[in-house]
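Colleague: Dropping the structure in here first, questions after.
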Amino acid sequence: MTVTDVRTITDPIDELRAWLDDNWNPDLSVAEWWDRLGLAGWAAPILPADRYGRGLSRGDAVRVSRELAAVGALAPPLGLGLALAAPTIATHGTPEQIERYVRDLVTGQKAWCQLFSEPGAGSDLAGLSTRAVKDGDVWIVNGQKVWTSGAQIADFGMLLARTNFEVPKHQGITSFVIDMHQPGVEVRPLREMTGNAMFNEVFLTDAVVPDDARIGDVNSGWKVANTTLLHERSGMGAGGGPPRVGMARPGTVAGDLDRRAGDLARRSRSDLPEAGSPNAPSPAQQYIDLARAFGKDADPVVRQKLAQAHTLGTLARLNTERHKAVRAAGGDIAGIANFSKLLMADILRLNRDLGLEILGPRGMLHAYDGAGRDALAQTVGGSAAIAATSQALSAQALPIYGGTDQIQRNILGERALGLPKEPGDLSKVPFNELPRNG
Numbered sequence: 006m007t008v009t010d011v012r013t014i015t016d017p018i019d020e021l022r023a024w025l026d027d028n029w030n031p032d033l034s035v036a037e038w039w040d041r042l043g044l045a046g047w048a049a050p051i052l053p054a055d056r057y058g059r060g061l062s063r064g065d066a067v068r069v070s071r072e073l074a075a076v077g078a079l080a081p082p083l084g085l086g087l088a089l090a091a092p093t094i095a096t097h098g099t100p101e102q103i104e105r106y107v108r109d110l111v112t113g114q115k116a117w118c119q120l121f122s123e124p125g126a127g128s129d130l131a132g133l134s135t136r137a138v139k140d141g142d143v144w145i146v147n148g149q150k151v152w153t154s155g156a157q158i159a160d161f162g163m164l165l166a167r168t169n170f171e172v173p174k175h176q177g178i179t180s181f182v183i184d185m186h187q188p189g190v191e192v193r194p195l196r197e198m199t200g201n202a203m204f205n206e207v208f209l210t211d212a213v214v215p216d217d218a219r220i221g222d223v224n225s226g227w228k229v230a231n232t233t234l235l236h237e238r239s240g241m242g243a244g245g246g247p248p249r250v251g252m253a254r255p256g257t258v259a260g261d262l263d264r265r266a267g268d269l270a271r272r273s274r275s276d277l278p279e280a281g282s283p284n285a286p287s288p289a290q291q292y293i294d295l296a297r298a299f300g301k302d303a304d305p306v307v308r309q310k311l312a313q314a315h316t317l318g319t320l321a322r323l324n325t326e327r328h329k330a331v332r333a334a335g336g337d338i339a340g341i342a343n344f345s346k347l348l349m350a351d352i353l354r355l356n357r358d359l360g361l362e363i364l365g366p367r368g369m370l371h372a373y374d375g376a377g378r379d380a381l382a383q384t385v386g387g388s389a390a391i392a393a394t395s396q397a398l399s400a401q402a403l404p405i406y407g408g409t410d411q412i413q414r415n416i417l418g419e420r421a422l423g424l425p426k427e428p429g430d431l432s433k434v435p436f437n438e439l440p441r442n443g
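For the sequence shown, position 146 matches number 151 in my numbering, and the numbering has no gaps at all.
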């Protein structure tokens, strides 16, 4: 495509289509394809144009994902790196850190995890006690993290550690990037009731972090963490979004980089209508189809819950559209990420109850390994029933991780509605003087 061609294009999707015509090739390796996609700015288009993105709005970024799906191109690298680490480092990192880390993030060369929560610091994240002590040009880290998604395949971790115990808890935290491939890092998978092991415990014993891997100033990590949490809650509140084509995993551990891109890209329906258009499927379509398959679509109670699922799913989409319009006009909606996460938690709980009501006794069966899933796929309901029981078992997670529902309501009350904080505010007490359990 010539320079003249680029200048005549105004819609980013038109530019993407022209670019895909020239660049998508299923015979490329995953690494080769992601290199093209990331360096062209299409892997993380919401990032600024000078930081490996395109500077697009979240709405246009969704359109980019839909277009990639429509042509059957392999989706950008899946995981927390692109979703959380890239925008955080693009916001708070130095130019050298952006070049060092964000480039490998958008091209999928490295996989990332988020080392935030601890056994004694989950909802109260600022209560974390993992310690980082400066020793010359490096920091020595000791502590324990838990509920760490993807740590078993991560190359790097977004780490929050306490660097000052004598100031209030929010003021003594520093943000780092830690190399997960070092002797001082031990990862132990945690098996969930779904049968999966997405989460992990991570033990840090004299782990080493160079000072040039510190993101932001010393003791200013809470500001950095809030950027990460904003993107996390916005992503959770956005729900499913457009279809992702392919499930290739980034990083050096998963082993997907050398595989053929076309083998991991499964073509989706190119005629899938835009969300909100008259022909778009209902947000509850999965459960509508399940109800028909089980002969429950005429049940008045099931029909009412299907209507509720459709309504709440539509409200979630409209909230996203409303926020997009307000941002385009130069404004913002206070607490929208927190509210959207609360709404998505309600949707998941409703879908859990709806799916199990449709399945009836079949909802008591669930497989915990591949062989079990293959066997259940041959029973009544097939893969759709497997998906429904998996959703029911995992529905309890979102109301907890990323900040519990109660924490989201506190944030909305204090920061969005201006309500007074609860009495006895401990946020001003030095961390080493805070009361401890036990």
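Ideal Cβ positions, reconstructed from N, Cα and C, are used throughout, including at glycine.
So, with DSSP's three-state summary, where would you put Ser432?
Modeller: In the sequence shown, counting from the first residue as 1, residue 432 sits at position 427. Ser432: helix per DSSP, three-state reduction.
Colleague: So Leu25 and Val76 are in contact, right, with Cβ under 8 Å, and what is the actual spacing, rounded?
Modeller: Taking the first residue of the sequence shown as 1, we reach residue 25 at position 20. Taking the first residue of the sequence shown as 1, we reach residue 76 at position 71. That pair is a contact at about 6 Å.
Colleague: My understanding is that Thr135 touches Phe204, with C-beta atoms under 8 Å, so please give their C-beta distance in whole angstroms.
Modeller: Within the sequence shown, numbered from 1, the residue matching residue 135 stands at position 130. Within the sequence shown, numbered from 1, the residue matching residue 204 stands at position 199. Not really, about 17 Å apart at Cβ, beyond 8 Å.
Colleague: Pull up the DSSP beta-bridge partners for Gly162, would you.
Modeller: For the purposes of this step, residue 162 is identified with residue 157 of the sequence shown, where counting begins at 1. In the DSSP output, where bridge partners are listed per residue, Gly162 has Cys118 and Ile183.
Colleague: Among all the DSSP beta bridges, which residues are the ones paired with Gln149?
Modeller: Counting from one through the sequence shown, the residue named residue 149 turns up at place 144. DSSP, once it has assigned bridges, lists Phe208 as partnering Gln149.
Colleague: With C-beta atoms as the reference, is Val458 less than 9 Å away from Leu195?
Modeller: Look at the range of the chain in this structure, 6 to 443, and you will see that residue 458 is not part of it.
Colleague: Determine the direct distance from the alpha carbon of Asp374 to that of Pro50, and round the result to whole angstroms.
Modeller: As a working mapping, residue 50 is identified with position 45 in the sequence shown. As a working mapping, residue 374 is identified with position 369 in the sequence shown. If you take the alpha carbons of Pro50 and Asp374, they lie about 36 Å apart.
Colleague: If Leu164 and Trp117 are in contact, beta carbons under 8 Å, what's the gap, nearest whole angstrom?
Modeller: Translated into positions along the sequence shown, residue 164 becomes position 159. Translated into positions along the sequence shown, residue 117 becomes position 112. About 11 Å; that fails the 8 Å criterion.
Colleague: In angstroms with no decimal places, state the Cα-to-Cα distance between Ala390 and Gly377.
Modeller: Stepping through the sequence shown from its first residue, residue 390 is reached at position 385. Stepping through the sequence shown from its first residue, residue 377 is reached at position 372. Rounded to the nearest whole angstrom, the C-alpha separation of Ala390 and Gly377 is 13 Å.
Colleague: Tell whether a beta-carbon distance below 9 Å holds between Pro288 and Arg322.
Modeller: Here the question's residue 288 lines up with position 283 in the sequence shown. Here the question's residue 322 lines up with position 317 in the sequence shown. Yes; because the gap between Cβ atoms is below 9 Å, this pair is in contact.
Colleague: For Asn356 and Gln396, which I take to be in contact (beta-carbon distance under 8 Å), what is that distance rounded to the nearest angstrom?
Modeller: In the sequence shown, the residue the question calls residue 356 occupies position 351. In the sequence shown, the residue the question calls residue 396 occupies position 391. A Cβ-Cβ separation of about 6 Å places Asn356 in contact with Gln396 under the 8 Å criterion.
Colleague: Could you check where the beta strand (DSSP E) with Pro137 kicks off and where it finishes?
Modeller: For the purposes of this step, residue 137 is identified with residue 132 of the sequence shown, where counting begins at 1. Per the sequence shown, the amino acid found at residue 137 is Ala instead of Pro. Ala137 -> beta strand (DSSP E) spans Arg136 to Asp140.
Colleague: What three-state label does DSSP hand Trp144 in the structure shown?
Modeller: Taking the sequence shown and counting its residues from 1, the one referred to as residue 144 is at position 139. Three-state DSSP puts Trp144 in a strand.
Colleague: At which residues does the alpha helix (DSSP H) containing Leu110 begin and terminate?
Modeller: Within the sequence shown, numbered from 1, the residue matching residue 110 stands at position 105. Leu110 -> alpha helix (DSSP H) spans Arg108 to Val111.
Colleague: Using only alpha-carbon positions, find the residue among Ala392, Asp216 and Gly60 that is nearest to Asp294.
Modeller: Taking the sequence shown and counting its residues from 1, the one referred to as residue 294 is at position 289. Of the candidates Ala392, Asp216 and Gly60, the one whose C-alpha sits nearest the C-alpha of Asp294 is Ala392.
Colleague: Who does Ser34 pair with in a DSSP beta bridge?
Modeller: Locating residue 34 in the sequence shown gives position 29, where the first residue counts as 1. Paired residues: Arg265.
Colleague: Report all residues from its chain with a CB closer than 7 Å to the CB of Thr319; omit the five preceding and five following residues, and keep chain order.
Modeller: Translated into positions along the sequence shown, residue 319 becomes position 314. Pro288.
Colleague: Pair every Cβ in the stretch 204–224 with every Cβ in the stretch 165–184, then say whether three or more of these pairs are closer than 8 Å.
Modeller: By the Cβ rule, the stretch 204–224 counts as touching the stretch 165–184, because three or more pairs are nearer than 8 Å.
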